[in-house]
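> I have a structure I would like to understand better, so I am pasting it below and will then ask my questions one at a time.
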Amino acid sequence: MSSPSIAIVGAGLGGLVLARVLQIHGIPFTVYELYVTADARKQGGSLDMHEESGQFALRTAGLYERFRRQTHPQGEAMRVLDKTGKVLINYAPENGEGGRPEIDRTILRDLLIASLDPGSIAWGHKVTAAISRPH
């Protein structure tokens with residue numbers, strides 16, 4: 001029996017984490033991405049990574065320590081003022097960080113792409129159909 005070949009549709013954060021996990025387990029895959037390059041579109045702002053989901057995924061992918069080096073330590077702090085400058089909310093986790101470190105989406109995506117073998121992402125490919133093959 002041959003090993004499976006997995007098609008991952010889209011080089012978003014979820015698809016790239018899945019690709020990394022498959023790669024470290026030696027399971028062949030290809031990521032198909034509509035955009036022609038990694039920087040063809042903006043990725044948005046910061047993303048807070050929860051312990052039970054995003055951080056868990058990055059640990060499973062073997063990228064947690066690299067991720068932590070790229071986070072914003074004060075990303076969870078929040079200060080809200082009214083129009084006169086009066087502080088309404090002033091929240092800062094103890095020791096400067098809570099349990100959900102923040103990272104720029106572009107930096108996280110670049111980290112994930114760099115962790116994959118060259119050629120594993122088919123840039124400029126739009127998936128239009130999927131057909132199941134017999135086992």
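Under this note's numbering, the letters of the sequence shown match residues 1 to 135, in that order. A virtual CB, placed ideally from N, CA and C, is assigned to each residue, including glycine. The structure presented is a predicted model; accordingly, all values stated were derived computationally and were not measured.
1) Specify whether the region 20-30 and the region 80-92 touch according to this definition: at least 3 beta carbon pairs, one from each stretch, less than 8 Å apart.
2) To the nearest angstrom, how far is it from the Cα of residue 106 to the Cα of residue 92?
3) With a cut-off of 8 Å, do at least 3 Cβ pairs link the region 58-68 to the region 30-45?
4) Could you please give me the residues that DSSP links to residue 48 through a beta bridge?
5) If we call anything under 9 Å between Cβ atoms a contact, is residue 122 one with residue 31?
So, from the data block:
1) no
2) Position 106 of the sequence shown, counting from 1, holds the residue named residue 106. Position 92 of the sequence shown, counting from 1, holds the residue named residue 92. Whole-angstrom Cα-Cα distance: 25 Å.
3) no
4) Here residue 48 refers to the residue found at position 48 of the sequence shown. The partner list for residue 48 (beta bridge, DSSP) reads 102.
5) The sequence position of residue 122 within the sequence shown is 122, counting from 1. The sequence position of residue 31 within the sequence shown is 31, counting from 1. Yes; because the gap between Cβ atoms is below 9 Å, this pair is in contact.
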